[in-house]
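Participant: Protein chains in written order, with our numbering: chain A, 11 to 534; chain B, 37 to 162. Where is the CB? At the ideal position from N, CA and C, for every residue including glycine. I'd like to ask some things about the structure below.
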């Protein structure tokens with residue numbers, strides 16, 4: 011090996027641990043850093059150097075029993091292990107660990123859809139099931155349910171759920187639709203949450219809360235255990251599906267569309283994760299920045315207008331869909347159409363209006379749970395593939411949307427980047443997603459992207475906004491913004507960590523949760 | 037009932053069947069590998085490397101190399117070794133794929149399929 015080791019672990023101990031893990035998973039499934047295959051565990055999209063999160067090894071178990079044995083070995087030798095499911099959480103770190111030297115626990119080989127119950131409408135899946143695999147499984151077995159996928163069709167059903175990810179159907183709040191977990195704890199023991207704690211019974215994927223404290227959330231965005239199964243509720247295939255787009259001509263329309271949308275969401279007239287998308291997000295399906303500007307810096311407003319005109323897009327483009335019996339869909343459509351027609355200049359488009367349009371069609375596919383990767387056209391916008399997502403939460407109000415839009419665009423322009431963003435509107439809040447695109451082969455571009463992101467965290471916190479999820483390199487900074495009452499929340503999370511994982515072997519540093527005696531400084 | 041003591045006539049039949057299977061094996065293996073390669077392509081690659089706008093890799097290759105090079109299936113300038121290197125290491129916008137996602141044998145099948153997608157009548161794309 012090239013000598014990379016986890017912090018505080020001697021070479022002798024590391025070698026002994028790897029030897030023991032090989033006996034569990036087989037020689038070929040322990041990949042050390044002298045093996046060229048370790049390159050496939052790099053985070054290839056962040057603004058920081060790949061070496062800062064380079065793993066010392068990867069271990070790939072194929073069963074829960076193997077996970078348990080690997081965890082016991084890691085505990086014995088004090089090896090930090092960073093679990094991943096499909097490793098395709100691209101803008102957030104991909105398959106790489108929080109810090110260099112940690113061992114990746116790669117659960118991708120555990121890729122079974124264990125069960126789909128067609129009467130009760132649920133599935134139980136392992137960590138390595140990708141959206142595309144789940145979708146193909148449902149199609150292959152002709153099951154009358156839709157899945158709900160993230161925009162990255164190669165992403166993991168479990169990984170996305172545990173990272174609080176969202177999709178685009180009426181079941182788009184993935185954690186809301188999760189029910190029941192199986193978790194390997196830091197001592198190697200196996201626990202089932204909720205009704206799964208009964209030795210017998212069939213309500214594990216049906217009733218979330220079981221008896222006593224409801225704890226599933228403790229195993230999301232955390233490092234308290236290794237989740238090896240989850241239950242998911244599935245959306246029945248609706249008899250009618252009506253996707254639509256509202257094209258807004260002016261950036262200022264963001265206020266009105268958000269205000270009009272909120273009551274439609276709260277009253278469940280629009281049931282799915284509706285989205286208001288800025289022009290450039292959609293335009294990247296057709297074009298790249300270099301076709302409009304050869305030099306650096308953000309595109310000026312007159313160029314944005316030209317792009318909107320050329321590709322028949324709005325400055326904002328709102329997408330949502332209706333699901334259910336045709337009569338109900340049509341009744342709700344009358345309300346929706348009349349609501350959005352009140353926006354001056356708004357154009358409402360249905361499927362028949364945009365046949366063959368790739369940006370509209372990929373949105374439609376997402377809203378009916380069909381995995382794709384069209385959104386990754388964004389990586390072509392400046393070229394070089396670099397992207398990190400800044401994603402603050404705000405109330406679903408026009409004033410907050412406009413305030414965040416201007417705050418974020420101002421920072422982007424200061425650092426020389428285009429604003430490429432969207433608002434994903436939940437029941438009462440909205441996720442504002444900035445796709446910060448940069449050329450990761452350009453050191454200056456990467457540094458500016460990193461600095462821009464760091465400033466945005468502070469700017470947002472100053473306005474009372476916090477992020478819902480983030481890239482490896484910003485986990486500590488964001489955790490520190492959730493600091494009310496002298497950091498009581500993070501303090502509690504760290505106490506839980508020390509109680510459940512006293513040796514600190516599970517994903518040290520995940521979301522700012524460090525074991526006793528460790529901190530970002532000890533890892534740098 | 038199968039009890040492990042096959043009578044002579046059955047032994048001869050089994051031998052004949054084994055010989056027939058052995059004769060057909062190379063062709064069957066090739067077809068199976070091609071099918072496997074196509075299956076991997078259709079579940080891991082096609083989202084980006086399908087044809088036309090909406091497929092980001094096709095879009096970028098069309099822009100940089102021209103539309104005749106944007107479709108990677110059957111492209112004569114690609115080699116299996118190059119394809120395998122790119123899959124394992126990534127390339128610019130493309131992420132790397134780990135052996136837990138695409139095994140070495142699957143990668144062999146994938147590379148061969150990309151080079152020659154019409155190797156078998158069974159795998160000819162519509």
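Residue 52 of chain A CB to nearest chain B CB: under 8 angstroms?
Facilitator: Stepping through the first chain from its first residue, residue 52 of chain A is reached at position 42. So yes, residue 52 of chain A belongs to the interface.
Participant: Among the residues of its own chain, which have a CB less than 7 angstroms from the CB of residue 61 of chain A, if the five just before and after it don't count?
Facilitator: Numbered from 1 along the first chain, position 51 holds the residue referred to as residue 61 of chain A. 110, listed in sequence order.
Participant: Roughly how many angstroms separate the alpha carbons of residue 163 of chain A and residue 430 of chain A, rounded to a whole number?
Facilitator: Here residue 163 of chain A corresponds to residue number 153 of the first chain, with the count starting at 1. Here residue 430 of chain A corresponds to residue number 420 of the first chain, with the count starting at 1. Rounded to the nearest angstrom, the two C-alpha atoms are 21 angstroms apart.
Participant: Can you name the residues of chain B whose CB is closer than 7 angstroms to the CB of residue 49 of chain A?
Facilitator: Sequence index remark: in the first chain, residue 49 of chain A carries index 39 (1-based). Per Cβ cutoff of 7 angstroms: 124, 125 and 132.
Participant: Apply the 10 Å Cβ neighbour rule to residue 135 of chain B and answer buried if 16 or more other Cβ atoms are within range, or exposed otherwise.
Facilitator: For this step, residue 135 of chain B is matched to residue 99 along the second chain. It is buried - the Cβ of residue 135 of chain B has at least 16 other Cβ atoms within 10 Å.
Participant: With DSSP as the reference, please indicate the residues paired to residue 369 of chain A in a beta bridge.
Facilitator: Here residue 369 of chain A refers to the residue found at position 359 of the first chain. None, per the DSSP bridge assignment.
Participant: Going by C-alpha to C-alpha distance, which of A:334, A:99, A:213 and A:456 sits closest to residue 130 of chain A?
Facilitator: As a first step, residue 130 of chain A must be located in the first chain, where it is residue number 120. The option with the nearest alpha carbon to residue 130 of chain A is A:213.
Participant: Any chance the region 85-103 of chain B sits against the region 375-388 of chain A, with 3 or more Cβ pairs inside 8 angstroms?
Facilitator: They touch, by the three-pair rule.
Participant: Can you check which of these residues, A:39, A:192, A:156 and A:27, is closest to residue 74 of chain A by C-alpha distance?
Facilitator: The residue given as residue 74 of chain A occupies position 64 in the first chain. The residue with the shortest Cα to Cα distance from residue 74 of chain A is A:192.
Participant: Shortest alpha-carbon distance to residue 427 of chain A belongs to which of A:167, A:435 and A:455?
Facilitator: Taking the first residue of the first chain as position 1, residue 427 of chain A is located at position 417. It is A:455.
Participant: Should residue 526 of chain A be labelled buried (16 or more other beta-carbon atoms within 10 Å of its own) or exposed?
Facilitator: On the first chain, position 516 is the one that residue 526 of chain A refers to. Its Cβ having fewer than 16 others within 10 Å, residue 526 of chain A is exposed.
Participant: May I ask which residues mark the beginning and end of the beta strand (DSSP E) holding residue 188 of chain A?
Facilitator: If you number the first chain from 1, residue 188 of chain A lands on position 178. First-last of the beta strand (DSSP E) with residue 188 of chain A: 188-194.
Participant: Among A:125, A:144 and A:78, which has the Cα closest to the Cα of residue 115 of chain A?
Facilitator: Within the first chain, residue 115 of chain A is the residue found at index 105, counting from 1. Residue 115 of chain A has its Cα closest to that of A:78, out of A:125, A:144 and A:78.
Participant: From residue 167 of chain A to residue 330 of chain A, what distance separates their C-alpha atoms?
Facilitator: Translated into the one-based positions of the first chain, residue 167 of chain A becomes position 157. Translated into the one-based positions of the first chain, residue 330 of chain A becomes position 320. One C-alpha to the other measures close to 22 angstroms.
Participant: Excluding the 5 residues preceding and the 5 following residue 207 of chain A in the sequence, name in chain order all residues of the same chain whose CB lies nearer than 7 angstroms to its CB.
Facilitator: Counted from its first residue, the first chain places residue 207 of chain A at position 197. Within the same chain, residue 207 of chain A has close Cβ partners 220.
Participant: Spell out the partners DSSP gives residue 166 of chain A in its beta bridges.
Facilitator: The residue you call residue 166 of chain A lines up with position 156 of the first chain. Residue 166 of chain A is bridged to A:140.
Participant: Spatial neighbours of residue 272 of chain A within its chain, please: CB distance less than 6 angstroms, with the 5 preceding and 5 following residues excluded, ordered by chain position.
Facilitator: If you number the first chain from 1, residue 272 of chain A lands on position 262. Contacts found: 406.
Participant: Just reading off the beta strand (DSSP E) that residue 252 of chain A is part of, what are its end residues?
Facilitator: The residue labelled residue 252 of chain A in the question sits at position 242 within the first chain. From DSSP, the beta strand (DSSP E) with residue 252 of chain A extends over 250-258.
Participant: Short check: CB of residue 248 of chain A to CB of residue 305 of chain A, under 8 angstroms?
Facilitator: Counting from 1 along the first chain, the entry for residue 248 of chain A is found at position 238. Counting from 1 along the first chain, the entry for residue 305 of chain A is found at position 295. The answer is no: Cβ separation not under 8 angstroms.
Participant: Taking a Cβ distance cut-off of 8 angstroms, strictly less, list which residues of the region 93-124 of chain B are near chain A, in chain order.
Facilitator: Those residues of the region 93-124 of chain B that come within reach of chain A (Cβ to Cβ, closer than 8 angstroms) are 95, 96, 99 and 124.
Participant: Thinking just about the alpha-carbon of each residue, which of A:148, A:269 and A:372 is nearest to the one in residue 84 of chain B?
Facilitator: If you number the second chain from 1, residue 84 of chain B lands on position 48. The option with the nearest alpha carbon to residue 84 of chain B is A:372.
Participant: Just list the residues that DSSP pairs residue 245 of chain A with in beta bridges.
Facilitator: In the first chain, the residue the question calls residue 245 of chain A occupies position 235. Looking at the DSSP assignment, residue 245 of chain A forms a beta bridge with A:156.
Participant: Decide if the region 395-403 of chain A is in contact with the region 350-358 of chain A; the criterion is three or more beta carbon pairs, one per stretch, under 8 angstroms apart.
Facilitator: Verdict: no, contact absent.
Participant: Within 10 Å of its beta-carbon, does residue 115 of chain B have 16 or more other beta-carbons around it, so buried, or fewer, so exposed?
Facilitator: Counted from its first residue, the second chain places residue 115 of chain B at position 79. By the 10 Å Cβ count, residue 115 of chain B comes out exposed.
Participant: For chain B, check one thing: does any of its Cβ atoms lie closer than 8 angstroms to the Cβ of residue 70 of chain A?
Facilitator: Counting from 1 along the first chain, the entry for residue 70 of chain A is found at position 60. Output row for residue 70 of chain A: interface = yes.
Participant: For residue 122 of chain A and chain B, any beta-carbon pair shorter than 8 angstroms?
Facilitator: Residue numbering aside, residue 122 of chain A sits at position 112 when the first chain is read from its first letter. Chain B contact via Cβ: absent.
Participant: Over what stretch of residues does the beta strand (DSSP E) that includes residue 477 of chain A continue unbroken?
Facilitator: Locating residue 477 of chain A in the first chain gives position 467, counting from the first residue. Taken as a continuous stretch (DSSP letters only), residue 477 of chain A belongs to no beta strand (DSSP E), as it is neither H nor E.
Participant: When Cβ atoms are compared, which residues of the region 495-517 of chain A fall closer than 9 angstroms to chain B?
Facilitator: Answer set for the region 495-517 of chain A: empty.
Participant: So the candidates are A:459, A:447 and A:414; which of them puts its Cα closest to the Cα of residue 471 of chain A?
Facilitator: Reading the first chain from its first residue, position 461 is the one you call residue 471 of chain A. Minimum Cα distance to residue 471 of chain A is reached at A:414.
Participant: Please report the straight-line C-alpha distance between residue 145 of chain B and residue 69 of chain B, rounded to a whole angstrom.
Facilitator: Translated into positions along the second chain, residue 145 of chain B becomes position 109. Translated into positions along the second chain, residue 69 of chain B becomes position 33. Answer to the nearest angstrom: the Cα atoms are 5 angstroms apart.
Participant: Given a cut-off of 8 angstroms on the beta-carbon distance, is the pair residue 288 of chain A and residue 432 of chain A in contact?
Facilitator: Residue 288 of chain A sits at position 278 when you count from the first residue of the first chain. Residue 432 of chain A sits at position 422 when you count from the first residue of the first chain. Yes. Within cutoff.
Participant: Please classify residue 276 of chain A as buried or exposed, where buried requires at least 16 neighbouring CB atoms within 10 angstroms.
Facilitator: One-based indexing of the first chain puts residue 276 of chain A at position 266. Its Cβ having fewer than 16 others within 10 Å, residue 276 of chain A is exposed.
Participant: Where does residue 344 of chain A sit, in a helix, a strand or coil, going by DSSP?
Facilitator: Working through the first chain from its first residue, we reach residue 344 of chain A at position 334. Helix at residue 344 of chain A.
Participant: Out of curiosity, what's the CA-to-CA distance linking residue 196 of chain A and residue 228 of chain A?
Facilitator: Numbered from 1 along the first chain, position 186 holds the residue referred to as residue 196 of chain A. Numbered from 1 along the first chain, position 218 holds the residue referred to as residue 228 of chain A. Going by the C-alpha atoms only, they are around 14 angstroms apart.
Participant: In chain A, which residues lie with their C-beta within 7 angstroms of the C-beta of residue 129 of chain B?
Facilitator: Position 93 of the second chain, counting from 1, holds the residue named residue 129 of chain B. Under the 7 angstroms cutoff, chain A gives 389, 390 and 395.
Participant: Where do the ends of the beta strand (DSSP E) carrying residue 127 of chain A lie?
Facilitator: Here residue 127 of chain A refers to the residue found at position 117 when the first chain is read from its first residue. 123-127 is the span of the beta strand (DSSP E), which, as asked, contains residue 127 of chain A.
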